[in-house]
Ligand code: NAD
Ligand code: UDP
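Numbering (this note's numbering), first residue to last: 596 to 939.
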């Protein structure tokens, strides 16, 4: 069947191509698997490219039945395989996101952000594809401006334990911007603020999954530092909707866009909320704060609101409830199913 490649209006602020061929690098990870699901549901053909460093095939198991879904085991530090057909869009989500995992091999993380991103950009130029870069609120470092607007330039340590990721992502923003301008590509950069939801790995190491898993297992809740540092947590479904709107925005988007939930909470409050919701009697223990851990973080999302008509819809309580239900389900299945998150 010849696929219809005309465009349709899904929203006044953007047009999404119908039946596009889309590469999602890092597609077997937490965010990538939700993005792949939404793209398949929208009838696109998706090539999910992943080296399975932190991602897992089971995150996209539910998509394998679709003839429009292809899982490609590949490291983006090598050029994309020629077997992937000409594509219309490339989403670059490939990079470990949790401090524990991106610090495991810091040189590799820096290279994935630089060489890996360049490899994908070159392929976008060959195919004249739109390019979407997953950047991060970490590019603001330990921010002196609060909440963080896109024109704040950040306060980042270039040689600390988080630098491979923070500076890697900053360099990637530069590379995407300059490569796009030199090759006439349409590029988009999203600065993602802390996001949580189902399919986070129990060993991911980030705060929401750690606290939920600890609460459900009856283990101590590990708060780093005083717990008075803040984050603003966004539910994954909201974030992915923002991704698709940004990729397909018909307006000229000049520069990066923050996507996140501005509802700021302390780590202490988060721990109390998860303990109460999980009905857990785990006790809270305090550990040293990691080096360069940002003290506060909250996105200014005015640009996402005006350019994309996007704002988060899922309150923290609802998102946590869905995430706790997911982890409970994983725990219940762990004895029976060796491929689930608690077993791997
Ligand atoms: P994740 O670790 O679950 O997903 C990253 C995926 O990339 C994994 O599937 C991993 O195997 C894959 N990957 C890593 N290096 C690769 C390489 N060299 N080649 C191919 N695949 C590779 O993390 P996530 O939370 O889903 O994050 C996805 C993206 O979003 C990352 O780029 C991250 O920096 C960014 N981000 C996420 C958050 C968040 O709160 N989740 C916040 C800011 C930025
Ligand atoms: N954190 C914590 N206990 C944990 C994991 C994280 O107190 O078990 C803290 C961490 O020090 C940071 C905040 O929670 O202040 C968010 O950490 P996460 O790794 O989720 O994201 P990031 O630091 O990259 O925003």
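Just so it is clear, CB atoms sit at the ideal spot from N, CA and C, and this is done for glycine as well.
- Message: Taking 7 angstroms as the limit between beta carbons, can you name the residues of its chain near residue 872, skipping five residues before and five after?
- Response: Against the chain shown, residue 872 aligns to sequence position 277. Answer for residue 872: 915, 916 and 919, listed in chain order.
- Task: When you get a sec, list the residues whose CB is within less than 7 angstroms of any heavy atom of the ligand UDP, chain order please.
- Result: Sorted by position in the chain, 693, 694, 733, 789, 800, 801, 802, 803, 805, 806, 817, 818, 819, 820, 822, 824, 826, 862, 884, 885, 888, 889 and 892 make up the residues whose C-beta lies under 7 angstroms from a heavy atom of the ligand UDP.
- Task: Report the three-state DSSP secondary structure of residue 628 (helix, strand or coil).
- Result: In the chain shown, the residue the question calls residue 628 occupies position 33. It is helical.
- Task: Look up residue 914 in the DSSP assignment and give the residues it is bridged to.
- Result: Within the chain shown, the letter at position 319 stands for residue 914. Beta-bridge pairing by DSSP links residue 914 to no other residue.
- Item | Check: residue 688 C-beta below 7 angstroms from any heavy atom of the ligand NAD | On the chain shown, residue 688 is found 93 positions in, with the first residue counted as 1. Checking the Cβ of residue 688 against the ligand NAD gives yes.
- Under the three-state DSSP convention, the category residue 919 falls into: Position 324 of the chain shown, counted from the start, is the residue given in the question as residue 919. In the structure shown, residue 919 sits in a helix (DSSP, three-state: H, G or I).
- Return yes when the Cβ of residue 737 is within less than 8 angstroms of the Cβ of residue 887, no when it is not. If you number the chain shown from 1, residue 887 lands on position 292. If you number the chain shown from 1, residue 737 lands on position 142. It is a contact, given that the beta carbons lie within the stated cut-off.
- Please state whether DSSP places residue 747 in a helix, a strand or coil. As a first step, residue 747 is located in the chain shown; it is residue number 152 there, counting from the start. Residue state, collapsed to three classes: coil.
- Query: Is the number of C-beta pairs between the segment 894 to 912 and the segment 758 to 775 that are closer than 8 angstroms three or more?
  - Reply: Because the criterion of three Cβ pairs below 8 angstroms is not met, the segment 894 to 912 and the segment 758 to 775 do not touch.
- Run the proximity test for residue 880: is its beta-carbon closer than 7 angstroms to any non-hydrogen atom belonging to the ligand NAD? Position 285 of the chain shown holds residue 880. Incorrect: residue 880 has no Cβ contact closer than 7 angstroms to the ligand NAD.
- Task: State the Cα-Cα distance for the pair residue 785 and residue 777, rounded to the nearest angstrom.
- Result: Within the chain shown, residue 785 is the residue found at index 190, counting from 1. Within the chain shown, residue 777 is the residue found at index 182, counting from 1. Taking the straight line from one Cα to the other gives about 20 angstroms.
- Message: For residue 656 and residue 739, what's the separation of their Cα atoms in angstroms?
- Response: Reading the chain shown from its first residue, position 61 is the one you call residue 656. Reading the chain shown from its first residue, position 144 is the one you call residue 739. Rounded to the nearest angstrom, the two C-alpha atoms are 42 angstroms apart.
- To the nearest angstrom, how far is it from the Cα of residue 877 to the Cα of residue 647? Here residue 877 corresponds to residue number 282 of the chain shown, with the count starting at 1. Here residue 647 corresponds to residue number 52 of the chain shown, with the count starting at 1. Cα to Cα, the separation comes out at about 32 angstroms.
- Quick one: any contact between the segment 859 to 870 and the segment 696 to 713, if contact means 3 or more CB pairs under 8 angstroms? As far as the Cβ criterion goes, the segment 859 to 870 does not touch the segment 696 to 713, which means the pair count is below three.
- Message: Using a Cβ distance threshold of 8 angstroms, determine whether the segment 782 to 797 contacts the segment 838 to 858, with at least three qualifying pairs required.
- Response: Yes: at least three Cβ pairs fall under 8 angstroms.
- Message: Can you look up residue 815 in the DSSP assignment and give me helix, strand or coil?
- Response: One-based indexing of the chain shown puts residue 815 at position 220. Residue 815 falls in the coil class under three-state DSSP.
- Query: If we ignore side chains and look at the alpha-carbon of each, how far apart do residue 927 and residue 720 end up?
  - Reply: Walking along the chain shown from the start, residue 927 turns up at place 332. Walking along the chain shown from the start, residue 720 turns up at place 125. Going by the C-alpha atoms only, they are around 46 angstroms apart.
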